[in-house]
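Chains U and V are the protein sequences, given in the same order.
Residues in the first sequence are numbered consecutively from 1, following the numbering used here.
Residues in the second sequence are numbered consecutively from 719, following the numbering used here.
Using N, Cα and C, we set each Cβ at its ideal position, and we do this for glycine too.
Keep in mind that this is a model prediction, so the values were computed, not measured.
Worksheet: the structure to be examined is printed underneath.
2 protein chains.
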Amino acid sequence: MSIHLYWIIGTGIVGLLFSFWKTGWILKQEEGSDKMKRIGASIAEGAMAFLRAEYRVLAVFVVVVAILLGWANFGREGSSALIALSFVTGAVASGLAGFLGMRVATKANNRTTHAARTGLAKALNVAFTGGSVMGLSVVALGVIGLSGLFLFYSHQFNNDYVRIITVLSGFSLGASSIALFARVGGGIYTKAADVGADLVGKVEAGIPEDHPLNPATIADNVGDNVGDVAGMGADLFESYVGSIVGSMVLGASVMVAGNMDTSFIILPLMIAGVGILVSILGTFMVSVKEGGNPQKGLNRGEFGSSFILLIIMFFIITKVLPSDFTLGGNVFTSLGVFWATLIGLLAGLGIGMITEYYTGTESRPVKSITRQSLTGPATNLIAGLGVGMQSTAIPIIILAAAIMGANHFAGLYGIAMAALGMLANTGIQLAVDAYGPISDNAGGIAEMANLPKEVRQRTDKLDAVGNTTAAIGKGFAIGSAALTSLALFAAFRTTVEAISGVPLSINITEARVMAGLFVGGMLPFLFSSLAMNAVGKAAMAMIEEVRRQFKSIPELAAALKVMKKYGEDQKMSSEDQKIFEAADGKAEYGKCVEISTSSAIRQMLMPGLLAICTPVLVGFVFGPETLGGLLAGVTVTGVLMAIFQSNAGGAWDNAKKLFEEGITINGEKYCKGSEAHKAAVVGDTVGDPFKDTSGPSLNILIKLMAVVSLVIAPLIIK
Amino acid sequence: MSIHLYWIIGTGIVGLLFSFWKTGWILKQEEGSDKMKRIGASIAEGAMAFLRAEYRVLAVFVVVVAILLGWANFGREGSSALIALSFVTGAVASGLAGFLGMRVATKANNRTTHAARTGLAKALNVAFTGGSVMGLSVVALGVIGLSGLFLFYSHQFNNDYVRIITVLSGFSLGASSIALFARVGGGIYTKAADVGADLVGKVEAGIPEDHPLNPATIADNVGDNVGDVAGMGADLFESYVGSIVGSMVLGASVMVAGNMDTSFIILPLMIAGVGILVSILGTFMVSVKEGGNPQKGLNRGEFGSSFILLIIMFFIITKVLPSDFTLGGNVFTSLGVFWATLIGLLAGLGIGMITEYYTGTESRPVKSITRQSLTGPATNLIAGLGVGMQSTAIPIIILAAAIMGANHFAGLYGIAMAALGMLANTGIQLAVDAYGPISDNAGGIAEMANLPKEVRQRTDKLDAVGNTTAAIGKGFAIGSAALTSLALFAAFRTTVEAISGVPLSINITEARVMAGLFVGGMLPFLFSSLAMNAVGKAAMAMIEEVRRQFKSIPELAAALKVMKKYGEDQKMSSEDQKIFEAADGKAEYGKCVEISTSSAIRQMLMPGLLAICTPVLVGFVFGPETLGGLLAGVTVTGVLMAIFQSNAGGAWDNAKKLFEEGITINGEKYCKGSEAHKAAVVGDTVGDPFKDTSGPSLNILIKLMAVVSLVIAPLIIK
């Protein structure tokens, strides 16, 4: 067994080395003009300042929780104070993953812009390489951390695997709690800046996105980094680790129940290790010829590597696991475990395709939103909310089918493996995801640095093509979150049963379970409202600041007036040009960055603590049945609200984009600036916190609450 | 026992006679000027046309379901084809309650307007009397129907009570299914008209609500009747019947389990019967002196009668029930049943107060929405969505506490009795609820008939004071829906257990239960989206029609132009006055009425059938455990979405009203017509389908699905 762990750790080290190598490559690329450098530096500085402020607060949190965990588990049979070590390691690894990814992203952005001056292929290469550093750091840190601790605990606890896994689950707790704070904090930051920049800049003042005259524009670009890069990195680290730990806990229970060897526990780590190597392979498949379609390059990387991984998984699973085994009175086969994994992959793909259908620019739902924008913002909003709610239907049916299917083939272990299957190639998935905000930033820099139009067009093209792949990624995120949290939930049950020695029946017709179910179901609503209110408040502060600057900084006011005189492609008179240039750099970007940072840090705490404290409170006061009800409730409504909010937000976003590209409805042409476009901007703005703050945080919330329950399970049973 | 049933039926007959007497009184009141009569007649005609169209469609549905029910249960042991009779009776009684209530409401509206010409007290009296006819018809029909069938089946099935109750549950199915269609259909109608009238009339053309120049104004007033009166009547009939039947089924299981007499079954009917008499008493307590506060009058009626009823319930419960009894291995007392009932009442009151807090004009949340309206519709919407989501928290905690408390005092029977406690004085609650739309209509007629300002001010005052009482009513509706559906859910379980002879464990950690939970949780989202889309589509059609009329009817176009010249209180020049008068009656109201009617009828079917067919499908294909999961899922998210949508809608509505009254924020005064007000109107419009279409329908949805499951329970076993 140790042998296996060594080579698994080896794959992690390979992943880390790869990401260092790619970081070096990025740093060697040209940064472009001085102005670009200056802008890039402002963004990087703002982003790092946020991360520093955030980590300072989180450090306190980590120390306090670690002490509590260590104290509560000290000398406890079946557990150990070392769980605090797992927790701290998980938290630090998560923070490190976010930091490494964001650092390289803030280096890659203006280098992508510069590359886009010469061509598309080069720019894709820089942006994607930036993303792949993030992707590989995340998986490498996850695998090294988990396998390393596992190895250490194996010696420590003399191969008492149930205990080892119990203590190891603290790693997942650390990863999930940091991820929740990072997602929420980053989400508040980015959306406050975005809403502020959009509403006052685009709608009121009528200047393009990322225009240097807009004081919120640097904050907006910082937001892309702290939200979409660092936040997402922590998020995927959490998912990845959660799915591995969930399968390991259930693997341990298979092992104990069937008197088997350790193969069920080690299998998830093996798959993760192989996934790293395949992800690296995948990055080499991503490329595009000049004039070619970058989408194809990305697809080749993502789907090609998935396919290879699937084949390898087949051989690993059928070779490593015993050909048949018993679980909960049923006999399953190793082939069944493979089928369960495949079901997970297919379910993720299916949910992704539905996501694409409901949010893609070509789709009927998005077009129906554009049509209903003609009658104003109210009907645009009603339509978008309707689309979001409707879009929950098929994904949920797919999920329900996947749950029943995976369970049929391999019991609860199958459900855990289905989740793991979706996340095995997180390395490349995250590379593709992180490539998006890098391109987005690159576009912002092009705009702010007044580069020629075609540069921005190239970066826009890069940004746009990531969408389908990102939609698939979202499908995997939601699907795996649901399955992982069910696996963790099942792990909670088996842990309670193992300790108490009696079966735990969480029967929904019992009053205490019903009560838990209701309260659990309510939490995603409360959580979302906290997130939305936070964004609302921060955005208001931002709007007021931008308005203030537009009014009180004379150069800005003058330049805005000048701009209004000219159409998009008209040339300014030299006099006006002078006024316009006088305004350059006069906007006080720093103030906006400050507003976003301080609001985000202040307001991420409540939602985060809510998620962590509620299961503890319910578990200790009302016992494991009510806590079980709570978990079931939070999982169901959490998944639903996540799909609803993400898709409504995505659909509004693309409805707005359709107007910006120009769209013909009922024979009439509507463009940017039309009343219908303005209505669509309102929808997009409402959708912003939905899709980038509360929606994605919910995926973490449900797993975090499950893992908190899993970790406290030994403590709430007398 | 029969003796008891006879006096219970007697109370129902007293209720009916009372409502006939009051109808006669209404008809004797003055109708006002010819113009008022004409307007009143148009509204009544539109409303009846809708009801006819709706009932024609529903008749087909009722016949088909009755045949299916009769066929499936024919000759089946423990059940009977007579269940079809119960179903048809329930459906007809529900339809009749809606019809009777709406008929008198459409008579009372212009009589209230006329009364308001002389004073407030008289107008309150007319409007409230109109509401009380509705209230008493509903409870009388419920009690007569249930008791009558019970009496009939007692002879038929020779006092085999389990079978009697099984067959009787068809009554509740009939009531619930009609209620769902009526709520959805009425909700689509009223909101399509309202949104159309508001957006084009108020916002685009700038004319006041209910202005005769607005072509959608008659449809809007018809909508108040078909949605808020007929729809709500069917809704409360359904709740009332559902809570009685739920307690009777659980009463039967107490009886069987403990070898008791019939007191547990008959108690709910007794309480309902006494509730009718107390409600009648309550109507006499409602009055207001000229210049006094109508709120006090309503409160006296509602809270006074609740208090009296509570005391009577104490004596009935402790006298009728055995002093102690065993249920599920626990010993409970009759006093415990009373405590459970009291807990229900307190929970309803608590939820109502929270509703008032989140939606009242004086409250912090609503004021925060007004503040966020200053930065435009997007922030107004984000704020409102946040408030709605946040408002779920405390009600859910109250509910969870009530579930645990009622269960502690009297087991599942206690939960059912808690629901019944909230609904025992439905008679007067509904009277207060229905009084609102009557006053609203009266105001509309005053506006359309160009009556002096003070008339409208008086009706507005009447309309406004009902709000707190209505909020409490909403609390009762939501609370009782949750508890009733849990009771029906428990009834489903006990029925399955009674038939199969083995305990039914619906364990959430089982895959098939999880899958059911997810799908069930998704249904309220899908259902809401169908309702919202329906409103969106119908509203679009309405908007286009109103715009068309404003453009293509020259008199209207001219009058609109004239109107814009004058402020709210300025006098027109005689020439302009002529142009203005020439437009009177030129708007083609009928077309708008037609659009609303046909859209509503067409689009109510899908959501209704979804609710009825899903449990049947799941039950037959996947069995009772998955169906149990489905019910738990739909109950939890249904309650949450209902609270979220109702409160968000209510808060937006009142935020808008604050601007219309004029509000000072940060030292600046904002009025009607300001940009902030326009933003608030957008929020209100989005909230309209939330609070009046999908929100309230969800309360019915969850009970309907539970009662469908209860009715099919005997069919899906083995």
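How many whole angstroms separate the CB atoms of residue i and residue j, which I take to be in contact at a CB cut-off of 8 angstroms?
| i | j | result |
| --- | --- | --- |
| L420 (chain U) | S253 (chain U) | About 16 angstroms separates the two Cβ atoms, so there is no contact after all. |
| S1427 (chain V) | P1333 (chain V) | 5 angstroms |
| L213 (chain U) | A587 (chain U) | 6 angstroms |
| L1358 (chain V) | T637 (chain U) | 6 angstroms |
| L1376 (chain V) | T1077 (chain V) | Incorrect: roughly 12 angstroms between the Cβ atoms, too far for contact. |
| G1022 (chain V) | G1000 (chain V) | 6 angstroms |
| A1136 (chain V) | M1031 (chain V) | Not quite, the Cβ-Cβ distance comes to about 12 angstroms (not below 8 angstroms), so this is no contact. |
| A234 (chain U) | G98 (chain U) | 5 angstroms |
| A1118 (chain V) | V519 (chain U) | 5 angstroms |
| V778 (chain V) | A1257 (chain V) | With a Cβ gap of about 27 angstroms, V778 (chain V) and A1257 (chain V) do not count as contacting. |
| I726 (chain V) | S865 (chain V) | 5 angstroms |
| E545 (chain U) | P215 (chain U) | 7 angstroms |
| I428 (chain U) | G297 (chain U) | Not a contact, Cβ separation roughly 12 angstroms. |
Between the options, which has its C-alpha nearest residue i's C-alpha?
| i | options | result |
| --- | --- | --- |
| I1319 (chain V) | V:A1252, V:S865, V:A1398 | V:A1252 |
| L1148 (chain V) | V:I1226, V:G1351, V:T847 | V:T847 |
| L310 (chain U) | U:M285, U:R103, U:A179, U:F338 | U:F338 |
| G185 (chain U) | U:V226, U:P452, U:G10 | U:V226 |
| A115 (chain U) | U:L704, U:A538, U:G443 | U:G443 |
| M255 (chain U) | U:L199, U:N159, U:K296, U:G291 | U:N159 |
| V162 (chain U) | U:P503, U:P624, U:A498 | U:A498 |
| A150 (chain U) | U:T89, U:G223, U:A219, U:M404 | At residue 150 (chain U) the sequence reads Phe, which differs from the Ala that was named. Closest by alpha carbon: U:T89. |
| I612 (chain U) | U:S694, U:E575, U:K703 | U:K703 |
| N407 (chain U) | V:M1232, V:K825, V:A1134 | V:M1232 |
| A765 (chain V) | V:L1064, V:A799, V:I936, V:K1374 | V:I936 |
| S1246 (chain V) | V:A1424, V:L898, V:L1169 | V:L898 |
| G1070 (chain V) | V:F1194, V:V1105, V:A1152, V:V1006 | V:F1194 |
| T1073 (chain V) | V:S1392, V:E1379, V:A771, V:A1189 | V:A1189 |
Who does residue i pair with in a DSSP beta bridge?
| i | result |
| --- | --- |
| V331 (chain U) | U:T326 |
| Y670 (chain U) | U:I663 |
| N507 (chain U) | V:N1225 |
Taking residue i as the query, report the chain V residues whose CB atoms sit under 7 angstroms from its CB, ordered along the chain.
| i | result |
| --- | --- |
| A632 (chain U) | I1226, L1235 |
| I343 (chain U) | None at all; the shortest Cβ gap to chain V is about 12 angstroms. |
| L385 (chain U) | M1250 |
Can you pull the chain U residues whose beta carbon is under 8 angstroms from the beta carbon of residue i, in chain order?
| i | result |
| --- | --- |
| I1261 (chain V) | T375, T379 |
| L854 (chain V) | The premise fails here: L854 (chain V) is roughly 34 angstroms from chain U at the closest Cβ pair, so nothing lies under 8 angstroms. |
At a CB-CB cut-off below 9 angstroms, which residues of chain V make contact with residue i?
| i | result |
| --- | --- |
| S505 (chain U) | S1223, N1225, T1227 |
Quick one: list the residues of chain U neighbouring residue i, beta-carbon separation under 7 angstroms, in chain order.
| i | result |
| --- | --- |
| I1115 (chain V) | V519 |
Which residues of chain V have a Cβ atom closer than 8 angstroms to the Cβ of residue i, listed in chain order?
| i | result |
| --- | --- |
| A490 (chain U) | T1227 |
Notebook entry, point to check: With contact counted as at least three CB pairs below 8 angstroms, one residue from each stretch, are the segment 399 to 412 of chain U and the segment 326 to 336 of chain U in contact?
Noted result: Flag = yes, the segment 399 to 412 of chain U and the segment 326 to 336 of chain U touch.
Notebook entry, point to check: Are at least three pairs of beta-carbons, each pair with one atom in the segment 474 to 490 of chain U and one in the segment 697 to 707 of chain U, less than 8 angstroms apart?
Noted result: The segment 474 to 490 of chain U is in contact with the segment 697 to 707 of chain U.
Next item on the list: For the segment 744 to 758 of chain V and the segment 822 to 831 of chain V, state whether three or more C-beta atom pairs, one from each stretch, are separated by less than 8 angstroms.
Entry: A contact exists between the segment 744 to 758 of chain V and the segment 822 to 831 of chain V.
Notebook entry, point to check: Pairing CB atoms from the segment 661 to 676 of chain U with CB atoms from the segment 538 to 557 of chain U, are three or more of them under 8 angstroms?
Noted result: With a cut-off of 8 angstroms, the segment 538 to 557 of chain U and the segment 661 to 676 of chain U do not count as touching, because too few Cβ pairs lie within range.
Next item on the list: Could you tell me whether the segment 263 to 270 of chain U touches the segment 238 to 247 of chain U, using the rule of 3 or more Cβ pairs below 8 angstroms?
Entry: Touching, per the Cβ criterion.
Check: Any contact of the segment 379 to 394 of chain U with the segment 681 to 694 of chain U, i.e. 3+ C-beta pairs under 8 angstroms?
Finding: At 8 angstroms Cβ cutoff, the stretches touch.
Check: On the three-pair Cβ rule with 8 angstroms, is the segment 81 to 95 of chain U touching the segment 169 to 188 of chain U?
Finding: By the criterion of at least three beta-carbon pairs nearer than 8 angstroms, the segment 81 to 95 of chain U is in contact with the segment 169 to 188 of chain U.
Notebook entry, point to check: Three or more beta-carbon pairs under 8 angstroms between the segment 1221 to 1228 of chain V and the segment 503 to 514 of chain U, yes or no?
Noted result: Touching, yes, given that three or more Cβ pairs across the two stretches are closer than 8 angstroms.
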